[in-house]
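Chains as they are written, first to last, in my numbering: chain C, 1 to 215; chain F, 1 to 423.
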């Protein structure tokens, strides 16, 4: 079993254990266990968790879970994916604990994990419902190299793109879904797609002007 | 070239089609060589974009780490991550400078990062005022809560702190406190209405979707964009002092020539202005200034005499307490966030594609006009015809409608525009 799979199982077993046992038996910590300063989580607890104390990590999870849940809901709304986003953020934190030499950096580590997961969400890695078939079905066409002697080189075509169209296409190639591109650029999804269509029309026009084409 | 026009939308979005639409397109590609050629070209263009984004696109996690590091969040990185990021930083900076898409994604990451930190602080600060810990069941609940419902969960906890104080045993104390509060409120109201109002400073704030234009005491104006805040002293001009403006957010400043100095102060930078027009944006860990015209010097607040001098068309960023060397930028692109078309000696050949892209209408011009330069600014919700009329007037041209291949979704009833030289 790989180290990563082992970590996953171990982490999930902690969560299950918590659900079955801790709810009724152990008192919950307050959200702020160190009220004296800006350390919402006791550094000693963080050290214990880093050193392998699973009860300590579990206590941290119970502090972070509702905070993370509220943050993800504020980012993406009440979606089923929120559960997975929270779980995977905590899993990332769990894996990175051995590198957390300074407990005061816990917030930064949690933030990094949450941003990673949010990026994954923006890049469509959470929504199987939205998985599309285009690339698979069309791979034979899209992966074929342009024919020799075709009319226009890609670099010139790039020069034809408006700044907005280039921004959108780059974000899409990076992996952002159109809905997320629209959110990020403060546009409607329809307007984003329209920019892409216009970009292709411009390319097609340039192809026509340069006398190319097969038919 | 035969025109696969009717299939063009499907080709444009070929990666995002439903299975059914993808199958339809596959049939079309098999029977229409022109459509297949166009798809291959389209894929080649997109592949080139991916190549130009290099490692930043190939390894998104690396890119996130780079952005965190770049915006002062090195504490979030493990030692090995930091070493790796320091290695790739020069290359990534170069890629980022030439990639508007990655720049937008970096902004997205930065927004999430800042939002998370604010959320963390608010969440735990609110918890810290609670006297009693949450009940075990509430604190370990697995149900999904919206931030609104989460807030609802917390508000009763605050109210519950007051309930014991209002119990019958302390009714007299509550009554005394109530009278005290009422008296203080009456006194405050009297003070507010009777004393002359002479505020030392004026603060203007905008909400997220708000844009406001503010006139400053010296006649300068500021276009303040959403989520911004500006504070100044209205009496500064009377006392011949420097007009000091504290600012956070995004704004376009138009400072009129004045013997008085104008000083813009952001959380980490100081901008000394003579007479000028410039855009400024502050981030949690930096300030960006783009100079349209005039001159200004950007420095740290601690060492105002040591800074960089910007020329028109240049940009500088204050990062980690150091102003970057000014670099020349395309002002109209850099200031697109202002919601204006800001042109400063901008050639017509740059203006036309911008207007064309924004309005979705083909616009062309005589070859002799393309190098003419235009200075001015237009709101982006102005009609295209109105904007073109002014541009044409400035360069000695006439606007003709039609005569250019139109686009299906043209806002000009399917007609393009052409600028014809009158000289």
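For each residue, glycine too, the CB sits at the ideal point set by N, CA and C. In this text, all values refer to a predicted model and were calculated from it rather than measured experimentally.
- Taking C-beta atoms under 8 Å as the contact rule, residue 374 (chain F) and residue 346 (chain F) qualify, at a distance of about 6 Å.
- DSSP places residue 377 (chain F) within a strand segment (E or B) once states are collapsed to three.
- Your pair residue 203 (chain C) and residue 157 (chain C) checks out as a contact, with CB atoms roughly 5 Å apart and the cut at 8 Å.
- Closer than 8 Å to the CB of residue 94 (chain C) there is not a single CB belonging to chain F.
- Counting C-beta pairs with one atom in each stretch, the stretch 51-58 of chain F and the stretch 87-95 of chain F have three or more that are closer than 8 Å, which means they touch.
- Residue pairing by DSSP places residue 264 (chain F) opposite F:245 and F:271 in a beta bridge.
- Interface flag for residue 155 (chain C) against chain F is set, since a Cβ pair is found closer than 8 Å.
- Interface with chain C (8 Å Cβ-Cβ cutoff): residue 48 (chain F) is included.
- DSSP places residue 217 (chain F) in the coil class of the three-state scheme, outside both helix and strand.
- Against chain C, the CB of residue 347 (chain F) has no partner CB under 8 Å away; the residue lies outside that interface.
- For residue 90 (chain C), the enclosing alpha helix (DSSP H) begins and ends at 81-96.
- Ranking C:187, C:75 and C:64 by CA distance to the CA of residue 89 (chain C) puts C:64 first.
- If you ignore the 5 residues before and after residue 304 (chain F), its C-beta comes within less than 8 Å of the C-beta of 270 and 272, all in its own chain and listed in chain order.
- The distance from the Cβ of residue 290 (chain F) to that of residue 265 (chain F) is about 18 Å, inconsistent with a contact at the 8 Å cut-off.
- DSSP places residue 122 (chain C) outside any beta strand (DSSP E); the residue lies instead in the alpha helix (DSSP H), whose first and last residues are 106-122.
- Ranking F:263, F:383 and F:314 by CA distance to the CA of residue 301 (chain F) puts F:263 first.
- Here the C-alpha atom of residue 51 (chain C) lies approximately 29 Å from the C-alpha atom of residue 114 (chain F).
- Closest in alpha carbon position to residue 370 (chain F), among F:379, F:358, F:78 and F:397, is F:397.
- Between residue 79 (chain F) and residue 99 (chain C) the beta-carbon gap is near 7 Å, inside 8 Å, which marks them as a contact.
- One alpha carbon belongs to residue 69 (chain C), the other to residue 325 (chain F), and they sit about 42 Å apart.
- Taking C-alpha positions only, residue 295 (chain F) is separated from residue 312 (chain F) by approximately 7 Å.
- In this chain, residue 80 (chain F) is not harboured by any beta strand (DSSP E); it is covered by the alpha helix (DSSP H) spanning 79-97.
- Contact between residue 154 (chain C) and residue 195 (chain C) is ruled out by a C-beta separation of about 19 Å, above the 8 Å threshold.
- Here DSSP, grouped into helix, strand and coil, assigns residue 64 (chain C) to helix.
- Residues of the stretch 166-185 of chain C with a C-beta atom less than 9 Å from some C-beta of chain F are 166, 167, 168, 169, 170, 171, 172, 173, 174, 175, 176, 177, 178, 180, 181, 183, 184 and 185, listed in chain order.
- Contact check for residue 198 (chain C) and residue 321 (chain F): beta-carbon distance about 43 Å, past the 8 Å limit, so the pair fails to qualify.
- Under the 8 Å criterion on CB atoms, residue 56 (chain C) is classed as non-interfacial with respect to chain F.
- Check the Cα spacing between residue 36 (chain F) and each of F:25, F:46 and F:110: the tightest is with F:25.
- The alpha carbon of residue 377 (chain F) has as its nearest neighbour, out of F:333, F:399 and F:416, the alpha carbon of F:333.
- For residue 47 (chain C), the uninterrupted alpha helix (DSSP H) run begins and ends at 43-50, by DSSP.
- The stretch 56-80 of chain F contains, as complete alpha helix (DSSP H) runs of 4+ residues, the segments 60-70 (chain order).
- Under the DSSP assignment, residue 171 (chain C) falls in the alpha helix (DSSP H) whose first and last residues are 163-174.
- Looking at the DSSP output, residue 365 (chain F) bridges to F:419.
- Burial check for residue 306 (chain F): the Cβ neighbour count within 10 Å stays below 16, so the residue is exposed.
- For the options F:84, F:349, F:401 and F:227, the alpha carbon positioned closest to that of residue 61 (chain F) is the one of F:84.
- Straight through space, the alpha carbons of residue 28 (chain F) and residue 344 (chain F) are spaced by roughly 47 Å.
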